[in-house]
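To convert a position in the sequence shown, counted from 1, into our numbering, add 39. Structure first, commentary second.
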Amino acid sequence: YVNSSREVRGDFARHKLFTWVDEDKVFSRPTYKAFHALLDNYEMEIGEEEVVTWAEKQENYTFLDAIMETKVMQEAHKFLVSKNAAPADEDKFKDMLHDIWFKLFRRKGARGNDSSSFEHVFVGEGRGTEMIGLHNWIQFYLQEKAGNINYHGYFRRQTVQDDDIVRLMAVQFTWKGIKAKPMCSVFIGTSPEFEVAAYTICLLLDRDGKIDVKLGEYEVEVAVHSFGFQRKLGTAYISAARMEQYANKNSKW
């Protein structure tokens, strides 16, 4: 357990966050397989200009094709169309998703286009001695497995339900021993299409900031911050903050 969300004061975890993941099962699913292929397409250091190859662009659209086959994204598309926030034509909607998630932009201080919504939210970026972004459990697992992430401990791992299933965690880690992430919210087990759908809906409906959301029986906050005046994500994550009132009453940890 760690008690500072502003700095990394030491490694308080004796073990890794993930002890085992059934990769054969997880990455046999089309959206997870396509998502996995995207994770090595980026220079993780802010300020290093990104170059997108033809093959990488094809991987982007393979991922978009895969998620648009799911009920989650189809419902998200239908909802956005009903709000006049997205085109009804599926191909045009995919192009919109591509611009939101994969079109490069320049972060402050960079000389060239060094970032994208996808890179920040799902892959993570290095900025000096800190890590920013990286709010996805799959990337966390893979980076931890590769020895790049050293998990230091958790702040909260409670859910609304009084059960033993860990679903939403606020954790602390270092990346390659030199870049610290004092606080990182990770929703364990969510699908790539679910996260893309949730963040896209919030962005396109101009819900900048933190939004109270009920996911089944779980009450959480979805935090979305657009980047400047562009339709891009500066950051997006599902926050554990709303769970504090339940944690004090129901926690077993």
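We put the CB at the ideal spot given by N, CA and C, even for glycine. What you are looking at is a predicted structure, and each value in this text was computed from that prediction instead of being measured.
Please name the residue in the options whose C-alpha comes closest to that of residue i.
i    : options                   : result
Y353 : I188, D245, E95 and E234  : This structure cannot speak to residue 353, because the chain is shown only from 40 to 292.
H222 : W93, T229 and V210        : In the sequence on display, residue 222 carries Met and not His. Here the closest residue by C-alpha is V210.
F74  : W176, L119, M170 and P126 : W176
S224 : A236, L244 and Y190       : Y190
G248 : A262, K147 and F226       : A262
I139 : L78, K147, A236 and K110  : A236
R270 : C241, S230, V259 and I250 : C241
K64  : V259, G228, K117 and G255 : G228
I171 : F212, L207, K131 and L181 : F212
L56  : F179, P126 and R246       : F179
From which residue to which residue does the alpha helix (DSSP H) around residue i run?
i    : result
K235 : Contrary to the premise, residue 235 reads as Val rather than Lys in this sequence. Element bounds for V235: P231 to L243.
I227 : Where I227 is concerned, there is no enclosing alpha helix (DSSP H), given that its DSSP letter is neither H nor E.
E183 : W176 to K184
E62  : E62 to V65
D138 : E129 to W140
Using a threshold of 8 Å, state whether the C-beta atoms of residue i and residue j are closer than that.
i    : j    : result
A219 : T168 : yes
I85  : R150 : no
E89  : N152 : yes
T70  : A105 : yes
S265 : L272 : yes
L136 : S154 : no
N80  : E98  : yes
F141 : F161 : no
V60  : S230 : no
T109 : E260 : no
So for residue i, helix, strand or coil by DSSP?
i    : result
T198 : Residue confidence for T198 is low, a pLDDT of 49 falling below 50, so the modelled location carries little weight; the figure read from the coordinates is stated next. Correct three-state label for T198: coil.
K122 : coil
F57  : coil
T274 : strand
S44  : Unreliable positioning characterises S44 in this predicted model, as indicated by a pLDDT of 40, which lies under 50. The coordinate reading is nonetheless provided below. Of the three classes helix, strand and coil, the one that applies to S44 here is coil, per DSSP.
S156 : helix
N99  : helix
Y81  : coil
I171 : strand
E164 : strand
E87  : coil
How far does the beta strand (DSSP E) with residue i in it reach, from first residue to last?
i    : result
W214 : L207 to W214
T92  : Element bounds for T92: n/a, residue is neither H nor E.
G250 : Position check: residue 250 holds Ile in this sequence, whereas Gly was assumed. Counting along the chain, the beta strand (DSSP E) containing I250 begins and ends at G248 to L254.
Step through the CB atoms of chain D and report whether any lies within less than 8 Å of the CB of residue i.
i    : result
K253 : Looking for chain D here will not work: only one protein chain is present.
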